[in-house]
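>
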Amino acid sequence: MKRGLIQLELESPDDLWHCYNIIRRGDTVYSRTSREVKSAQEGARPSAGRRFSMTLGLRVEKISLDRGLSRLKVTGIVVDGPEKFEGVKGSYHTFNLSSEGRITVIKESWLRHDISRIESSAHKAGTPIIVVAIDDEEYAVGVLREFGFDVKAEFRTKLPGKRSPEEREAALNSYLKSTVQSLQQHAMSEKGPILIVGPGFTKNRLEALLEREDPELAKRVARVATTSAAGVSGLNEALKGGVISKVLRNVRAAYESELVEAMLSRIGSSDQRVAYGFEDVSRADAFGAIDTMLVSSKFLQEIPMEDALRAEGLIRSAEQKRAKIVIVSGEHEAGRQLTSLGGIGALLRFPVRG
């Protein structure tokens with residue numbers, strides 16, 4: 000890093016997710032891009048534009064991430080670019096960033112947790128986990144990345160009743176085989192471990208069938224665990240309940256969910272070692288009481304600039320007092336719960352009286 004400048008290599012969808020959490024309004028971002036430039040002779044109407052490749056620097060005003068996480072859009076005013084192209088500087092432009100490329104990010108000052116996030120992603124790329132949540136009525140296959148679940152497949156069935164055991168068994172075998180095929184399809188492009196969850200014994204039947212049908216893929220099954228639900232609800236329960244973190248604790252979404260659950264647990268049990276909302280968290284910081292501060296990514300990105308500067312000031316103050324800062328994704332359930340509580344909360348070392 001030099002004078003607030005960091006160059007970032009984008010190599011995976013998770014890299015885009017990290018950039019989404021690190022880049023904020025007011026930052027300057029440089030990237031290679033293309034832009035249509037119209038030319039006009041004096042006294043003549045502008046001719047049809049030509050598209051040129053160039054490197055531009057934008058002062059960021061808006062950043063957004065598509066749901067599939069295949070593209071990060073950074074919009075702002077052009078503050079730097081080739082002088083030969085008139086009318087580009089001072090105009091608006093949008094970078095459409097993919098998971099292949101390089102950007103430069105310049106900030107007035109970098110927060111410690113932003114640097115830690117970059118260093119962590121550089122040295123420890125999160126391994127995706129393939130999760131199947133199944134019972135005898137539905138299944139869902141999801142890939143857990145650092146930003147949350149990417150649901151790959153959902154399927155519902157209605158088996159014959161238990162009064163027709165032979166028909167039911169045949170239908171169940173067909174259903175399980177279709178689940179194995181779906182798992183095989185998505186496991187080809189995802190090399191992480193596999194977790195099978197759900198209520199009852201269907202999940203165990205799936206594991207046994209997988210061992211017979213595809214022994215090599217079955218070796219990747221890290222755990223079979225019980226949840227009360229199947230389908231997408233089962234995926235979310237596995238994430239929220241800590242099942243996934245036991246398989247791979249460095250997946251950030253599971254880690255964030257556990258922290259938010261700890262905060263909600265303290266609120267629900269009247270444990271006073273918790274604060275939420277900007278004013279309460281500020282009061283806790285003034286007493287040096289914060290152990291871990293949780294900040295919703297949407298809170299930082301959507302509040303007015305003046306409030307964002309106050310929030311960053313609070314984060315810096317807490318960091319100086321040795322608090323741990325965790326930016327929580329607004330894309331999963333725990334992040335949405337944190338957002339509903341004001342977007343910022345804290346686990347405290349000791350209670351702070353109002």
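The numbers in numbering that gives the first Met the number 0 rise by one with no breaks, and the one at position 174 of the sequence shown is 173.
We put the CB at the ideal spot given by N, CA and C, even for glycine.
1) Do Val-351 and Ala-261 come within 9 Å of each other at the CB atom, strictly closer than that value?
2) Assign Glu-35 to one of three DSSP states: helix, strand, or coil.
3) Would you kindly work out how many angstroms separate the C-alpha atoms of Tyr-19 and Ser-296, rounded to a whole number?
4) Below 8 Å, can you find three or more Cβ-Cβ pairs linking the stretch 153–173 to the stretch 183–191?
5) Report the residue from Ser-90, Ile-105, Glu-82 whose alpha carbon sits nearest the alpha carbon of Ile-21.
6) With a cut-off of 8 Å on the beta carbons, I'd call Val-131 and Leu-175 a contact; round off their distance for me.
7) Closer than 8 Å is the cut-off here; do at least three beta carbon pairs connect the stretch 22–36 with the stretch 49–69?
8) Does DSSP put Leu-68 in a helix, a strand or coil?
9) Run through the stretch 90–172 for me and flag every whole beta strand (DSSP E) of 3 or more residues, listed as ranges in chain order.
10) In the DSSP assignment, find the unbroken beta strand (DSSP E) run with Ser-295 in it and report its ends.
11) Please name the residue, chosen from Phe-51, Trp-16, Arg-50, Glu-60, that lies closest to Arg-24 on a Cα-to-Cα basis.
12) Going straight from the alpha carbon of Ile-324 to that of Gly-75, what length do you get?
13) Which residues in the same chain as His-365 place their Cβ atom closer than 6 Å to its Cβ, once the five residues preceding and following it in sequence are excluded?
14) According to the Cβ coordinates, are Met-197 and Ala-228 closer than 9 Å?
15) Would you list the one or two residues that DSSP bridges to Met-53?
16) Evaluate contact between the stretch 198–216 and the stretch 97–114, counting only Cβ atoms and requiring at least three cross-stretch pairs below 8 Å.
17) Express the C-alpha separation of Glu-35 and Asn-249 in angstroms, rounding to a whole number.
18) May I ask you to list the residues that DSSP assigns as paired with Phe-27?
19) Distance, Cα to Cα, Ala-152 vs Gly-341?
20) Starting from the C-beta of Leu-141, find all residues in its chain whose C-beta is less than 6 Å away, skip the five residues before and the five after it, and write them out in chain order.
21) Would you tell me roughly how many angstroms separate the C-alpha atoms of Glu-311 and Arg-272, rounded to the nearest one?
22) Please name the residue, chosen from Glu-236, Ala-139, Val-179, that lies closest to Arg-211 on a Cα-to-Cα basis.
23) Do you know whose CA, among Lys-320, Arg-101, Asp-270, lies nearest Ser-281's CA?
24) Of the choices Ile-195, Ala-285, Ser-163, whose alpha-carbon is the least far from that of Ile-128?
25) Compare the C-alpha of Leu-7 against each of Glu-85, Arg-116, Gly-329 and name the closest.
26) So what's Gly-233 in DSSP terms, helix, strand or just coil?
27) Using alpha carbons as the reference points, say which of Val-231, Ile-5, Tyr-91, Lys-37 lies closest to Arg-83.
28) How is the beta strand (DSSP E) around Val-222 delimited, first residue to last?
29) In angstroms with no decimal places, state the Cα-to-Cα distance between Glu-206 and Leu-15.
30) Once the 5 residues before and after Ala-43 are set aside, which same chain residues still bring their CB inside 7 Å of it?
31) DSSP three-state call for Gly-276: helix, strand or coil?
32) Check for me: the alpha helix (DSSP H) holding Ala-307 runs from which residue to which?
33) Tell me whether Leu-293 is buried or exposed, calling it buried when 16 or more other Cβ atoms sit within 10 Å of its Cβ.
34) Which residues in the same chain as Gly-241 place their Cβ atom closer than 7 Å to its Cβ, once the five residues preceding and following it in sequence are excluded?
So, from the data block:
1) no
2) strand
3) 9 Å
4) no
5) Ile-105
6) Contact flag wrong, Cβ pair sits at about 11 Å.
7) yes
8) Caution is warranted here: a pLDDT of 49 is assigned to Leu-68, below 50, making its placement in the model unreliable, and no coordinate value can be reported.
9) 91–96, 100–105, 128–133, 137–144, 147–155
10) 289–295
11) Glu-60
12) 28 Å
13) Residue numbering for the chain in the displayed model covers 0 to 353; residue 365 lies beyond these limits and cannot be assessed.
14) The question names Met, yet the displayed sequence has Gly at residue 197. Contact flag set, yes.
15) Thr-32
16) no
17) Annotation note: pLDDT 49 at Asn-249 (below 50); position unreliable, coordinate value reported separately. C-alpha separation (whole angstroms): 43 Å.
18) At residue 27 the sequence reads Thr, which differs from the Phe that was named. Partner(s): Arg-58, Ile-105.
19) 33 Å
20) First, the residue type needs correcting, since residue 141 is Gly and not Leu in the sequence shown. Only Val-130, Phe-148, Val-150, Leu-234 meet the Cβ criterion.
21) 23 Å
22) Val-179
23) Lys-320
24) Ile-195
25) Arg-116
26) helix
27) Correcting the residue identity first, residue 83 is Lys in this sequence and not Arg. Per the Cα distances, Lys-37.
28) The sequence shown places Arg at residue 222, rather than the Val named in the question. Start and end: 220–225.
29) 34 Å
30) Reliability fails at Ala-43, whose pLDDT of 45 lies under 50, so the model's placement of it is uncertain and the value that follows must be treated cautiously. Here the set comprises nothing.
31) coil
32) 304–319
33) buried
34) Glu-257
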